[in-house]
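Take a look at the structure below.
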Amino acid sequence: MRSRHERARPDAALMAGRVQRLAVLLRAGLTPAAAWHQLAESEQDAPEVRRIADRIEAGEPAAAAIEAEYGGVAPWSSVAAAWSVASRAGSPLAATLGTLAATLRVLAQQEREGRIALAGPNATARLVAVLPLVALGFGAALGVDALGLLLGTGWGRVCLAVGVGLMLLARLWSRRMVARAARGPVSPGLRMDLLGIALVGGGALDAARAWVDEACARHGVDDPGAQERTETVLALAERAGVPATALLAAEAEELRREAAAGRQERLARLGVTLLVPLGVCILPAFLLLGVVPLVAGVVGGTISGLT
0 MRSRHERARP
10 DAALMAGRVQ
20 RLAVLLRAGL
30 TPAAAWHQLA
40 ESEQDAPEVR
50 RIADRIEAGE
60 PAAAAIEAEY
70 GGVAPWSSVA
80 AAWSVASRAG
90 SPLAATLGTL
100 AATLRVLAQQ
110 EREGRIALAG
120 PNATARLVAV
130 LPLVALGFGA
140 ALGVDALGLL
150 LGTGWGRVCL
160 AVGVGLMLLA
170 RLWSRRMVAR
180 AARGPVSPGL
190 RMDLLGIALV
200 GGGALDAARA
210 WVDEACARHG
220 VDDPGAQERT
230 ETVLALAERA
240 GVPATALLAA
250 EAEELRREAA
260 AGRQERLARL
270 GVTLLVPLGV
280 CILPAFLLLG
290 VVPLVAGVVG
300 GTISGLT
C-alpha cells in the first residue's frame, strides 16, 4: 500500500462526478459493491477506484475501504464520512451521495475561482523573481562583464552572495504568502451536512451527533467553526418546532459561501501584499546583481580609457 503522502488529493470536480455516478447507480438498484465495480470499470485509468472496489467486493464496508486507501485525503474523506453516517443512520445512500455530489460541485467551482484569482499573483511573483537576472543580461548587452565582476572580485562575490540570498528569501516569502492566502477550510459545512444525513435516517439527535463526531474523527474531516453554528441552528429548530434538516442544509451553504468570500478577499489583498517582498528583497537584489556591477564596469572602463 502506498503511503498517504503519495496519495494525491483528487480534483473536487472529478470526485463530484464519481459520487454522482455512484448515486445514480445505487438509485437504479445496484448494490454498493456492484456500483463501485461499475465505476471502476468505467475508469480504467483510475487505479484508486479499482482498489476501493476490490476491497468492497471482498466484503469490506465502503467507508472502511475508502479510509484504508485514502484516509484523511479530501475529498475522499468526505465520501467516507458521508457513507459511514448514512450506513449507521439508515439514511438512503443514493440521496446521501446525491447531496454530497452537489456539495462537491460547489467546492469545485470555488477551487476553480481560486485558481483563476491566484494566476495574477503567481505570475507577478515569478516575474519579479527574474528581474536581477534580466539586469545581468542587460549589462552583457552593453558590453559590461557584470558576471565576471561578481565572480572575480571580493566586493563582487559579496554582492553575489547577498543578492542570491535576497532572491531566495523573496521566493520563499512570496510562496508562503500565496499559500496562506489560498488556505481555507477544505470541507466547509460538511459537519452540518452529515448531521442532516443522520437525522434523515430517523435517528435521535444525540445518536446522530455521536455518529457524526465519530465519522469526522475517524476519517479526518475538519470543519472549524461549524460546531457552534450547528448548535445555534438546532436550538432554532427546537424553538420553532420545525425539522432541523432544512435549516442545517441552508446553514451549510452559508458556511461555504462565507469560506469562498473570505478566500476571495485574501486573494484580492495578495496582489498588493506581494509588493512587500518586491521592495524588501527583489529591488535590492536587482541593485546588487545588476546595477552595482554595471556601474562599476562602466566606471572602470571609463577610467581605463582615460589612463
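Residue numbers (numbering that gives the first Met the number 0): 0 to 306.
The beta carbon of each residue, even a glycine, is placed where N, CA and C say it ideally should be.
Here the structure is a predicted model, which is why all the values come from computation and not from measurement.
{"Asked": "Could you check whether Leu-159 and Leu-149 sit closer than 8 angstroms to each other, using their CB atoms as the reference points?", "Found": "yes"}
{"Asked": "In this structure, how does DSSP classify Glu-59 when only helix, strand and coil are distinguished?", "Found": "coil"}
{"Asked": "Closest by CA to Val-161, which one among Pro-283, Asp-10, Val-294?", "Found": "Pro-283"}
{"Asked": "Going by C-alpha distance, which of Phe-137, Val-84, Ala-93, Val-275 is nearest Thr-30?", "Found": "Ala-93"}
{"Asked": "Between which two residues does the alpha helix (DSSP H) harbouring Asp-205 extend?", "Found": "204–218"}
{"Asked": "Would you decide whether Arg-87 is buried or exposed? Buried here means 16 or more other CB atoms lie within 10 Å of its CB.", "Found": "buried"}
{"Asked": "The alpha helix (DSSP H) that contains Thr-272, what's its start and end?", "Found": "243–272"}
{"Asked": "Compare the Cα-Cα distances from Ala-101 to each of Val-220, Arg-228, Thr-152, Ala-248 and report the closest residue.", "Found": "Ala-248"}
{"Asked": "Once you ignore the five residues that flank Leu-311 on each side, which residues in its own chain have a CB closer than 6 angstroms to its CB?", "Found": "As displayed, the chain neither begins before 0 nor continues past 306, which places residue 311 out of reach and without an answer."}
{"Asked": "Please name the residue, chosen from Gly-28, Gly-188, Trp-210, that lies closest to Trp-82 on a Cα-to-Cα basis.", "Found": "Trp-210"}
{"Asked": "Leaving out five residues before and five after Ala-27 in sequence, what residues of the same chain have Cβ atoms less than 8 angstroms from its Cβ?", "Found": "none"}
{"Asked": "Determine, using beta-carbon pairs with one atom in the region 239–254 and one in the region 127–140, whether at least three such pairs fall under 8 angstroms.", "Found": "no"}
{"Asked": "Classify Pro-46 as helix, strand or coil using the three-state DSSP reduction.", "Found": "helix"}
{"Asked": "Between which two residues does the alpha helix (DSSP H) carrying Pro-131 extend?", "Found": "130–140"}
{"Asked": "Helix, strand or coil, according to DSSP, for Gly-28 in the structure here?", "Found": "coil"}
{"Asked": "By a C-beta neighbour count over all protein chains shown, 10 Å radius and 16 as the cutoff for buried, is Glu-5 buried or exposed?", "Found": "Per-residue confidence for Glu-5 stands at a pLDDT of 42, beneath the threshold of 50, marking its modelled position as unreliable; no derived number is given."}
{"Asked": "May I ask you to verify whether the region 56–76 touches the region 192–199, counting CB pairs closer than 8 angstroms and requiring at least 3?", "Found": "no"}
{"Asked": "Could you tell me the distance, in whole angstroms, from the CA atom of Leu-132 to the CA atom of Asn-121?", "Found": "18 angstroms"}
{"Asked": "I'd like the list of long-range same chain contacts for Gly-296, defined as Cβ closer than 8 angstroms, with 5 residues on each side in sequence excluded.", "Found": "Gly-138, Val-143, Asp-144, Ala-145, Leu-148"}
{"Asked": "Taking DSSP as the reference, what is the three-state secondary structure of Val-72?", "Found": "coil"}
{"Asked": "Taking the alpha carbon of Trp-154 as the reference point, which residue from Val-291, Asp-10, Leu-13, Ala-15 has its own alpha carbon closest?", "Found": "Val-291"}
{"Asked": "Below 6 angstroms CB to CB, which residues in the same chain sit around Gln-19 once its five sequence neighbours on both sides are set aside?", "Found": "Ala-100"}
{"Asked": "With H, G and I counted as helix, E and B as strand and the rest as coil, what does DSSP make of Pro-187?", "Found": "coil"}
{"Asked": "Rounded C-beta distance between Val-339 and Ala-39? I'm assuming under 8 angstroms.", "Found": "Outside the displayed range of the chain (0 to 306) lies residue 339, so it cannot be described from this structure."}
{"Asked": "Out of Leu-135, Ala-203, Gly-202, Ala-73, which has the shortest C-alpha to C-alpha gap to Leu-286?", "Found": "Leu-135"}
{"Asked": "Give me the residue from Cys-215, Leu-13, Gly-289 with the minimum Cα distance to Arg-111.", "Found": "Leu-13"}
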